[in-house]
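Below is one structure; the comments refer to it alone.
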Amino acid sequence: MSDWTLFEVFVRSKHGLNHRHVGSVHAADAAMALENARELYTRRSEGVSIWVVPSAQITASSPDEKEPLFDPSDDKVYRHATFYDLPKEVGHM
Amino acid sequence: MYAQLVDTGVKRVKGLDEMSPEERNFQEKIDAEIKIEPKNWMPEAYRRTLIRQMSQHAHSEIVGMLPEKNWLTRAPNLKRKLQLLAKIQDEAGHGLYLYSAMETLGADRDEEVAKLHSGEVKYSSIFNYPTRSWADMGTVGWLVDGAAIVNQVVLQRTSYGPYSRAMIRICKEESFHQRQGYQILLHMMREGTEEQKAMVQDSINRFWWPALMMFGPHDGDSPNSAQSMQWKIKRMSNDDLRQRFIDQTIPQLELLGCTVPDPDLKWNEERGHYDFGEIDWSEFYSVLKGNGPCNRDRLRTRRNAIENGAWVREAARVHAEKHNKADVA
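Here the protein sequences come in this chain order: G and L.
Numbered per this note's numbering, the first sequence spans residues 1 to 93.
Numbered per this note's numbering, the second sequence spans residues 94 to 422.
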């Protein structure tokens with residue numbers, strides 16, 4: 001099986017939702033990966049759509065970069081609606 | 094327990110003050126219930142122990158299909174046959190979820206399967222017992238999957254993210270297995286002939302002790318538990334899990350109108366738990382060493398399956414290559 005490709009599997013559980021990563025499968029090609037993913041991850045109507053992507057094609061951020069990548073947004077509280085205090089008379093906004 | 098006696102390779106559990114900064118940071122995350130993800134730093138022993146535990150767990154799911162396939166062609170009717178087929182397909186699925194999670198640690202699936210075939214890595218002792226009657230399909234679902242659920246429910250909170258997510262999926266599906274098993278037995282006990290009722294009791298007699306062995310040795314004889322608990326890849330002790338299983342199973346047994354082959358089993362008002370007799374540990378270790386009733390047969394069947402399927406995998410690879418070339422041209 002080592003000469004087969006490892007594919008990551010993404011399933012859309014309902015129309016209107018995003019595809020979500022659910023796991024991986026081995027397959028000789030993408031068509032087979034789709035079939036395997038269907039058997040493995042949607043045996044109980046868990047999905048309406050499947051994506052398969054060769055794992056090697058995914059570029060991921062490194063955990064070491066977590067701080068430089070994500071910390072800068074911590075001090076930008078003004079990007080959140082709750083930052084803006086408005087008088088009660090304004091009502092729901 | 095689908096993984097028994099998982100060796101951590103660690104002699105003594107370190108305290109926070111003895112750890113390197115990396116180890117301490119790692120342990121503090123675990124203590125704070127923050128999941129460890131594939132690319133995070135982790136001690137080598139944690140990674141190796143997890144691969145061992147998850148591969149054992151996956152192998153158990155895969156080998157666990159064999160005692161059940163024994164009754165596929167002899168199920169009493171089409172409904173039962175379809176249910177059994179669906180359950181067996183789930184077991185294959187559970188094995189694959191776990192192999193997939195294991196691969197996120199850099200393990201190679203083929204290498205791990207080869208270790209199973211060479212006997213280097215084990216699978217749960219329970220699957221080395223034969224399934225002699227149709228009632229065994231009920232008992233396996235009720236007791237064996239029931240014991241597995243008790244263990245796996247706790248493992249949903251295990252510290253390694255991909256393992257925890259696989260366990261959550263598996264637990265959702267296991268409850269169908271246990272209910273279908275129990276229903277087989279209940280049906281035989283309520284609607285069956287005297288002979289069929291006797292078949293149920295015989296089946297429970299054979300599977301009761303092996304099911305209790307699934308949780309592994311006593312806590313005092315489980316040298317790797319302390320490290321696995323610190324890493325939270327084990328979350329409750331073997332004896333506590335076993336007690337929980339017995340406490341929840343006995344009322345179901347009484348509803349069936351059956352008994353278990355343990356004269357010492359009785360409710361202990363003071364403890365709020367059932368007392369039970371001593372397990373025959375020599376049987377447990379003997380089965381684990383490879384000398385159970387079906388060990389050789391199970392491994393032979395697995396090896397044959399892989400070897401006889403080689404041409405299919407090869408054909409799929411060549412077919413894919415041919416089409417890749419055609420696409421490029």
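All residues carry an ideal CB built from backbone N, CA and C; glycine is no exception.
In this text, all values refer to a predicted model and were calculated from it rather than measured experimentally.
For residue i, the residue or residues it bridges with in DSSP
i	result
aspartate 368 of chain L	L/Lys359
tryptophan 51 of chain G	G/Phe10
threonine 101 of chain L	None, per the DSSP bridge assignment.
tyrosine 253 of chain L	L/Ile129
arginine 20 of chain G	G/Val11
threonine 5 of chain G	G/Ala27
8 Å Cβ cutoff met for residue i and residue j
i	j	result
phenylalanine 83 of chain G	valine 90 of chain G	no
valine 247 of chain L	methionine 147 of chain L	no
proline 223 of chain L	proline 386 of chain L	yes
glutamine 271 of chain L	isoleucine 297 of chain L	no
asparagine 133 of chain L	proline 63 of chain G	yes
proline 310 of chain L	isoleucine 219 of chain L	no
glycine 234 of chain L	glutamine 273 of chain L	yes
leucine 198 of chain L	isoleucine 144 of chain L	yes
serine 252 of chain L	isoleucine 343 of chain L	no
leucine 191 of chain L	glutamate 130 of chain L	no
cysteine 351 of chain L	glutamine 289 of chain L	no
lysine 32 of chain G	alanine 185 of chain L	First, the amino acid is wrong: residue 32 of chain G is methionine here, not lysine. Taking 8 Å as the Cβ cut-off, methionine 32 of chain G and alanine 185 of chain L do not qualify as a contacting pair.
valine 25 of chain G	histidine 19 of chain G	no
tyrosine 367 of chain L	aspartate 340 of chain L	yes
phenylalanine 300 of chain L	threonine 232 of chain L	yes
histidine 187 of chain L	isoleucine 263 of chain L	yes
arginine 236 of chain L	leucine 349 of chain L	Per the sequence presented here, residue 236 of chain L reads as leucine, with arginine not at that position. Cβ distance not < 8 Å, so leucine 236 of chain L and leucine 349 of chain L don't count as in contact.
proline 136 of chain L	tryptophan 227 of chain L	no
valine 99 of chain L	glutamine 323 of chain L	no
lysine 172 of chain L	leucine 165 of chain L	no
C-alpha gap between residue i and residue j, whole angstroms
i	j	result
alanine 37 of chain G	valine 53 of chain G	11 Å
glutamate 8 of chain G	histidine 21 of chain G	7 Å
valine 103 of chain L	proline 354 of chain L	38 Å
serine 257 of chain L	methionine 306 of chain L	24 Å
methionine 94 of chain L	alanine 240 of chain L	Only weak support is given to the placement of methionine 94 of chain L: the predicted model assigns it a pLDDT of 46, under 50, and the question is left unresolved by the model.
glycine 365 of chain L	isoleucine 372 of chain L	21 Å
isoleucine 58 of chain G	tryptophan 360 of chain L	56 Å
arginine 283 of chain L	aspartate 390 of chain L	35 Å
aspartate 420 of chain L	threonine 5 of chain G	17 Å
serine 321 of chain L	alanine 138 of chain L	10 Å
leucine 381 of chain L	proline 72 of chain G	54 Å
serine 49 of chain G	threonine 101 of chain L	41 Å
isoleucine 277 of chain L	asparagine 384 of chain L	30 Å
proline 255 of chain L	serine 379 of chain L	33 Å
alanine 194 of chain L	glycine 402 of chain L	24 Å
valine 411 of chain L	glycine 23 of chain G	26 Å
alanine 27 of chain G	asparagine 417 of chain L	14 Å
leucine 178 of chain L	serine 45 of chain G	17 Å
aspartate 74 of chain G	asparagine 118 of chain L	22 Å
glutamine 245 of chain L	isoleucine 261 of chain L	8 Å
serine 318 of chain L	lysine 327 of chain L	7 Å
serine 375 of chain L	valine 214 of chain L	20 Å
Residue from the options whose Cα sits closest to the Cα of residue i
i	options	result
isoleucine 181 of chain L	L/Val156, L/Arg167, L/Asp203	L/Val156
lysine 325 of chain L	L/Ser226, L/Leu109, L/Gln120	L/Gln120
histidine 150 of chain L	L/Gln97, L/Ile123, L/Arg105, L/Pro169	L/Gln97
alanine 291 of chain L	L/Ser252, L/Gly383, L/Asn384, L/Asp229	L/Asp229
isoleucine 399 of chain L	L/Glu184, L/Asp203, L/Asp124, L/Glu130	L/Asp203
leucine 189 of chain L	G/Leu40, G/Phe10, G/Ser13, G/Trp4	G/Leu40
leucine 392 of chain L	L/Tyr216, L/Thr142, L/Leu346	L/Tyr216
lysine 415 of chain L	G/Gly23, G/Asp29, G/Val25	G/Asp29
glutamine 336 of chain L	L/Leu358, L/Leu109, L/Ala319	L/Leu358
arginine 396 of chain L	L/Ser211, L/Arg410, L/His280, L/Leu171	L/Ser211
arginine 43 of chain G	L/Met158, L/Trp164, L/Lys265	L/Lys265
arginine 141 of chain L	L/Ile263, L/His412, L/Glu205, L/Glu407	L/Glu205
glycine 16 of chain G	G/Gly47, G/Lys66, G/Met93	G/Gly47
arginine 225 of chain L	L/Asn163, L/Lys327, L/Ile261, L/Asp183	L/Asn163
glutamate 196 of chain L	L/Asp183, L/Ala259, L/Pro136, L/Leu334	L/Ala259
aspartate 238 of chain L	L/Glu287, L/Val214, L/Phe269	L/Phe269
proline 356 of chain L	L/Glu362, L/Glu363, L/Leu346, L/Gly370	L/Gly370
alanine 81 of chain G	G/Pro87, G/Glu35, G/Met93, G/Phe70	G/Met93
glutamine 345 of chain L	L/Tyr275, L/Lys208, L/Asp201	L/Tyr275
Below-8 Å beta-carbon distance, residue i vs any chain B residue
i	result
tyrosine 378 of chain L	The chain labelled as chain B is not found among the protein chains of the depicted structure, namely G and L.
What are the residues in the region 392 to 417 of chain L lying within 8 Å of chain G by C-beta distance?
Arg406, Ala409, Arg410, His412, Ala413, His416, Asn417
Taking a cut of 7 Å between CB atoms, which residues from the region 29 to 59 of chain G lie near chain L?
Asp29, Met32, Leu40, Arg43
Within 8 Å of chain L by C-beta, residues of the region 70 to 87 of chain G in sequence order:
none
Between the region 105 to 135 of chain L and chain G, which residues of the former have a C-beta closer than 8 Å to a C-beta of the latter?
Listed by position, the residues of the region 105 to 135 of chain L near chain G (Cβ gap below 8 Å) are Glu130, Lys132, Asn133, Trp134.
Of the residues that make up the region 194 to 217 of chain L, which ones have a beta carbon closer than 9 Å to any beta carbon in chain G?
So the close ones are Ala194, Glu196, Thr197, Asp201, Arg202, Asp203, Glu204, Val206.
Contact residues within the region 162 to 186 of chain L, judged by C-beta distance below 9 Å to chain G
Ala179, Gln182, Asp183, Ala185, Gly186
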